[in-house]
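Just below is one structure, and these are the notes that go with it.
Protein chains: 2
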Amino acid sequence: MNNKEKLRKAGLRPTKQRMIIADILLDGVNRHFTAENLQNEINASGNSMSIATIYNCLKNFRNCGLIKQVESSKDTAIFDTNINQHHHFLDEETGELIDIENDEVNLRKLPKIPQGYLNNGVEVLIKIKKQI
Amino acid sequence: MNNKEKLRKAGLRPTKQRMIIADILLDGVNRHFTAENLQNEINASGNSMSIATIYNCLKNFRNCGLIKQVESSKDTAIFDTNINQHHHFLDEETGELIDIENDEVNLRKLPKIPQGYLNNGVEVLIKIKKQI
DNA sequence: CAAGTAGTTTAGAACGATTTTAAAGTAAAA
DNA sequence: TTTTACTTTAAAATCGTTCTAAACTACTTG
Chain A
1 MNNKEKLRKA
11 GLRPTKQRMI
21 IADILLDGVN
31 RHFTAENLQN
41 EINASGNSMS
51 IATIYNCLKN
61 FRNCGLIKQV
71 ESSKDTAIFD
81 TNINQHHHFL
91 DEETGELIDI
101 ENDEVNLRKL
111 PKIPQGYLNN
121 GVEVLIKIKK
131 QI
Chain B
133 MNNKEKLRKA
143 GLRPTKQRMI
153 IADILLDGVN
163 RHFTAENLQN
173 EINASGNSMS
183 IATIYNCLKN
193 FRNCGLIKQV
203 ESSKDTAIFD
213 TNINQHHHFL
223 DEETGELIDI
233 ENDEVNLRKL
243 PKIPQGYLNN
253 GVEVLIKIKK
263 QI
């Protein structure tokens with residue numbers, strides 16, 4: 001399925017700007033990035049786009065499940081093109097994130113989900129620090 | 133150990149402002165809060181403090197391990213007085229966090245920590261959503 | 001295809017959380 | 001004490017992100 005079809009399937013009009021971003025993000029390579037990182041890639045690809053459009057687009061893509069947003073207490077939002085359930089190592093010093101595939105983690109025991117709620121995804125974060 | 137001693141032990145001068153905050157936060161009750169929540173509690177206690185001092189103090193307390201900061205992609209930093217390793221349920225709609233004690237989660241299998249790094253804490257986040 | 005309409009992009013202003021500034025204040029050391 | 005280093009403060013600045021409202025464009029319908 002090409003990117004135009006992916007956008008339509010997600011319920012998004014395949015505009016010029018969304019296609020530029022889809023071409024960068026939806027290439028099958030897993031990556032973590034910020035809005036600013038993406039703007040740099042857009043510029044490097046010979047295109048340009050308002051930062052408001054980049055934020056709109058990231059929000060749309062995320063809401064449609066084309067990308068994920070990483071839970072992180074950094075001051076800048078971090079997005080992830082790996083939309084499968086998976087986990088992360090986080091170096092708190094540098095903010096660097098490393099993917100952990102889902103099958104590398106196994107939970108023996110999970111707590112009871114609170115009354116009236118449904119489980120909507122489990123994320124394991126392993127904080128790491130450089131050895132000295 | 134009283135709060136003055138806790139601050140000294142953490143390497144922090146027990147100033148008037150830090151004592152006011154310690155008296156609110158270090159009462160043994162686990163809570164999640166933002167800088168603004170804390171400011172309201174300070175005001176409610178009949179004291180007042182510059183917001184810059186509150187941010188300084190939270191950063192100091194966190195760096196000394198007196199409180200923790202929760203990994204969350206909300207736009208406002210969330211702190212936690214529960215400094216033991218533990219986990220959270222997160223309702224992404226409302227941002228509500230619920231503690232999960234460490235013994236309620238059991239990991240059967242953990243991935244290999246990347247070369248040159250040390251494990252610095254595991255956090256499990258279970259995203260939940262309201263049943264409809 | 002033409003015209004209508006609903007959704008999209010844009011630059012720039014606005015916003016909100018957090019940090020910086022630099023001056024005044026305070027705790028601890030000498 | 002006096003000195004020194006650290007802390008607090010109000011206000012300004014910063015930074016990521018969202019809003020605004022006007023121009024634009026994709027899609028629909030005739």
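So the protein sequences, as listed, match chains A and B. Per our numbering, residue 1 is the first one in the first sequence, and the count goes up by one each step. Per our numbering, residue 133 is the first one in the second sequence, and the count goes up by one each step. Note that CB positions come from ideal geometry on N, CA and C, so glycine has one too.
A:Ile100 and A:His87 - do their beta-carbons sit closer together than 7 Å? Indexing the first sequence from 1 puts residue 87 of chain A at position 87. Indexing the first sequence from 1 puts residue 100 of chain A at position 100. Contact: yes.
Give me the subset of the region 242-260 of chain B whose CB atoms are less than 7 Å from a CB atom of chain A, sorted by chain position. Leu242, Pro243, Ile245, Pro246, Gly248, Tyr249, Leu250, Asn251, Asn252, Gly253, Val254, Glu255, Val256, Leu257, Ile258, Lys259, Ile260
On a CA-only basis, which of A:Val124, A:Arg108, A:Arg18 is nearest A:Leu90? Give me that one, please. Sequence index remark: in the first sequence, residue 90 of chain A carries index 90 (1-based). Considering only alpha carbons, the answer is A:Val124.
Are the CB atoms of B:Gly253 and A:Lys127 within a distance shorter than 7 Å? Locating residue 127 of chain A in the first sequence gives position 127, counting from the first residue. Locating residue 253 of chain B in the second sequence gives position 121, counting from the first residue. A contact, by the Cβ cut-off of 7 Å.
Any chain B beta carbon closer than 7 Å to A:Glu104: The residue you call residue 104 of chain A lines up with position 104 of the first sequence. Answer yes: the Cβ-Cβ gap between A:Glu104 and chain B drops below 7 Å somewhere.
Indicate whether at least one CB of chain A lies closer than 7 Å to the CB of B:Ser180. On the second sequence, residue 180 of chain B is found 48 positions in, with the first residue counted as 1. By this cut-off, B:Ser180 is not an interface position.
Where B:Ala184 falls, given that 16 or more other Cβ within 10 Å makes a residue buried: What you label residue 184 of chain B is simply residue 52 of the second sequence in a count that begins at 1. B:Ala184 comes out exposed.
Since B:Glu168 meets chain A, which of its residues come closer than 7 Å, beta carbon to beta carbon? Indexing the second sequence from 1 puts residue 168 of chain B at position 36. Those do not exist, as B:Glu168 stays about 16 Å from chain A at its closest Cβ, beyond 7 Å.
Please confirm whether B:Asn238 and A:Lys109 have their CB atoms less than 7 Å apart. Here residue 238 of chain B is taken as the residue at index 106 of the second sequence, counted from 1. Here residue 109 of chain A is taken as the residue at index 109 of the first sequence, counted from 1. For B:Asn238 and A:Lys109, yes; Cβs fall inside 7 Å.
What residue ranges within the region 1-81 of chain A form continuous alpha helix (DSSP H) runs of no fewer than 4 residues, ordered along the chain? 3-9, 16-25, 35-44, 51-63
Neighbouring residues, chain A, relative to B:Ile230 (Cβ below 7 Å): For the purposes of this step, residue 230 of chain B is taken as residue 98 along the second sequence, with counting starting at 1. Within 7 Å Cβ-Cβ: Pro114.
Starting from B:Leu239, follow the beta strand (DSSP E) in both directions and report where the run begins and ends. Position 107 of the second sequence, counted from the start, is the residue given in the question as residue 239 of chain B. Note, B:Leu239: beta strand (DSSP E), 238-241.
Indicate whether at least one CB of chain A lies closer than 7 Å to the CB of B:Glu203. The count along the second sequence starts at 1 and reaches residue 203 of chain B at position 71. With 7 Å as the cut-off, B:Glu203 counts as an interface residue toward chain A.
Return the bridge partner residues of B:Lys259 from the DSSP annotation. Counting from 1 along the second sequence, the entry for residue 259 of chain B is found at position 127. In the DSSP output, where bridge partners are listed per residue, B:Lys259 has B:Leu222.
For the beta strand (DSSP E) that A:Asp99 lies in, which residues bound it at each end? Here residue 99 of chain A is taken as the residue at index 99 of the first sequence, counted from 1. Note, A:Asp99: beta strand (DSSP E), 97-101.
When we look at the beta-carbon of B:Ala176 and count the other beta-carbons within 10 Å, is it buried (16 or more) or exposed? Within the second sequence, numbered from 1, the residue matching residue 176 of chain B stands at position 44. Exposed, by the Cβ-count rule.
For A:Leu66, go through chain B and note every residue whose CB falls closer than 9 Å to its CB, in chain order. Here residue 66 of chain A refers to the residue found at position 66 of the first sequence. Residues of chain B passing the Cβ test: none, with the nearest at roughly 17 Å.
7 Å Cβ cutoff, B:Arg140 in contact with chain A: One-based indexing of the second sequence puts residue 140 of chain B at position 8. Not one chain A Cβ lies under 7 Å of B:Arg140.
Could you check what DSSP says for A:Gly121 in three-state terms: helix, strand or coil? Locating residue 121 of chain A in the first sequence gives position 121, where the first residue counts as 1. A:Gly121 falls in the strand class under three-state DSSP.
CB A:Lys59 to CB A:Ile83, shorter than 7 Å? As a position in the first sequence, residue 59 of chain A is number 59, starting the count at 1. As a position in the first sequence, residue 83 of chain A is number 83, starting the count at 1. Contact flag unset, no.
Go ahead and label B:Arg140 buried or exposed: buried means 16 or more other beta carbons lie within 10 angstroms of its beta carbon, across all protein chains shown. In the second sequence, counting from the first residue as 1, residue 140 of chain B sits at position 8. It is exposed - the Cβ of B:Arg140 has fewer than 16 other Cβ atoms within 10 Å.
Cβ-based burial, A:Asp75 [other Cβ within 10 Å; buried from 16]: Within the first sequence, numbered from 1, the residue matching residue 75 of chain A stands at position 75. A:Asp75 is exposed by the Cβ-count criterion.
Can you check whether the CB of A:Ile20 is closer than 7 Å to the CB of A:Asn47? Taking the first residue of the first sequence as 1, we reach residue 47 of chain A at position 47. Taking the first residue of the first sequence as 1, we reach residue 20 of chain A at position 20. Cβ distance < 7 Å, so A:Asn47 and A:Ile20 count as in contact.
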